[in-house]
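S.K.: Residue numbers (this note's numbering): 1363 to 1561.
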């Protein structure tokens, strides 16, 4: 793959070949991440398609991305969370997480695992200060960049960055504390440590 900065600049200018290079480099990782938590192949394929459609639709600002792998992970994670949230609303059974007392051996168990961490993530976000929460949600869930958030809120980019850093630190600390205090299986602990690195 060519230099990442060069590729992203070309994508932002509508270069489909550059976009294809990024797709070829990261599509397998994105698909496998989704597949781990979404056992239904049709749902998995739909979410996967949405991730790269969204990337192309937002191509005008991709040149500002510092790390495309992390950016795609966040996009993928958010799509998976959104899908599971919709499933949870449709069925009461998805409110009951049983993975703490079961071995994580199937795709369904992985789905329950991710729902558990989504709830904890939402709780950690709710615990932030109003300013930190507002910035965190715009960056992590709406996937705006620092400049866009600064313009939207009418504050300095440095202020946005500070709120984001403090918010991310607080979320990681809260998530880490939940993992330490809950009576979790080893699989849950390992998975939790993986997700904390991206909050």
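Backbone N, C-alpha and C define an ideal beta-carbon position, used for all residues, glycine too.
#1: Under a Cβ-count criterion, where at least 16 other Cβ atoms within 10 Å of its own Cβ denotes burial, should residue 1502 be classed as buried or exposed?
#2: Just how far apart, CA to CA, sit residue 1478 and residue 1370?
#3: State the Cα-Cα distance for the pair residue 1489 and residue 1379, rounded to the nearest angstrom.
#4: Where do the N-terminal and C-terminal ends of the alpha helix (DSSP H) with residue 1373 fall, by residue?
#5: Could you tell me how far apart the beta carbons of residue 1536 and residue 1486 are, in whole angstroms, since I believe they sit closer than 8 Å?
#6: Look at the Cβ atom of residue 1388, then the Cβ atom of residue 1434, and state whether they are nearer than 9 Å.
#7: Taking just the CA atoms, how far does residue 1504 sit from residue 1382?
#8: Residue 1515 to residue 1375, Cα distance in whole Å?
#9: With burial defined as no fewer than 16 other Cβ atoms inside 10 Å of the residue's Cβ, what is the status of residue 1411: buried or exposed?
#10: Return the Cβ separation of residue 1400 and residue 1442 in integer angstroms, given the expectation that the two are a contact with Cβ distance under 8 Å.
#11: On the CB-based measure, 16 or more other CB atoms within 10 Å of its CB, does residue 1531 come out buried or exposed?
#12: Expressed to the nearest angstrom, what Euclidean distance is found between the alpha-carbon atoms of residue 1539 and residue 1500?
#13: Between which residues of its own chain and residue 1396 is the CB-CB distance below 7 Å, once the five residues before and five after are set aside?
#14: Verify whether the separation of the beta carbon atoms of residue 1423 and residue 1510 is less than 9 Å.
#15: Looking at the secondary structure, which residues open and close the alpha helix (DSSP H) in which residue 1387 lies?
M.R.: According to the structure data:
#1: As a first step, residue 1502 must be located in the chain shown, where it is residue number 140. Counting the other Cβ atoms within 10 Å of the Cβ of residue 1502 gives 16 or more, which makes it buried.
#2: The residue labelled residue 1478 in the question sits at position 116 within the chain shown. The residue labelled residue 1370 in the question sits at position 8 within the chain shown. For residue 1478 and residue 1370, the distance between alpha carbons rounds to 34 Å.
#3: To locate residue 1489, count along the chain shown from 1; it is residue 127. To locate residue 1379, count along the chain shown from 1; it is residue 17. Near 43 Å, if we compare the C-alpha coordinates of residue 1379 and residue 1489.
#4: The count along the chain shown starts at 1 and reaches residue 1373 at position 11. Unbroken alpha helix (DSSP H) run through residue 1373: 1366–1374.
#5: Along the chain shown, read from residue 1 onward, the residue named residue 1536 stands at position 174. Along the chain shown, read from residue 1 onward, the residue named residue 1486 stands at position 124. 4 Å between Cβ atoms; contact.
#6: Residue mapping note: residue 1388 aligns to position 26 of the chain shown, counting from 1. Residue mapping note: residue 1434 aligns to position 72 of the chain shown, counting from 1. It is a contact, given that the beta carbons lie within the stated cut-off.
#7: Stepping through the chain shown from its first residue, residue 1382 is reached at position 20. Stepping through the chain shown from its first residue, residue 1504 is reached at position 142. One C-alpha to the other measures close to 24 Å.
#8: Position 153 of the chain shown, counted from the first residue, corresponds to residue 1515. Position 13 of the chain shown, counted from the first residue, corresponds to residue 1375. For residue 1515 and residue 1375, the distance between alpha carbons rounds to 27 Å.
#9: Translated into the one-based positions of the chain shown, residue 1411 becomes position 49. Residue burial annotation: residue 1411 is exposed, with fewer than 16 other C-beta atoms found within 10 angstroms of its C-beta.
#10: As a position in the chain shown, residue 1400 is number 38, starting the count at 1. As a position in the chain shown, residue 1442 is number 80, starting the count at 1. Going by Cβ atoms, the distance from residue 1400 to residue 1442 rounds to 6 Å, so yes, they are a contact pair.
#11: Translated into the one-based positions of the chain shown, residue 1531 becomes position 169. Burial call: exposed.
#12: The residue labelled residue 1539 in the question sits at position 177 within the chain shown. The residue labelled residue 1500 in the question sits at position 138 within the chain shown. Rounded to the nearest angstrom, the two C-alpha atoms are 25 Å apart.
#13: As a first step, residue 1396 is located in the chain shown; it is residue number 34 there, counting from the start. Contacts found: 1406, 1409, 1410, 1438, 1442.
#14: Within the chain shown, numbered from 1, the residue matching residue 1423 stands at position 61. Within the chain shown, numbered from 1, the residue matching residue 1510 stands at position 148. Yes, they are a contact pair.
#15: Reading the chain shown from its first residue, position 25 is the one you call residue 1387. Segment 1378–1399, the alpha helix (DSSP H) holding residue 1387.
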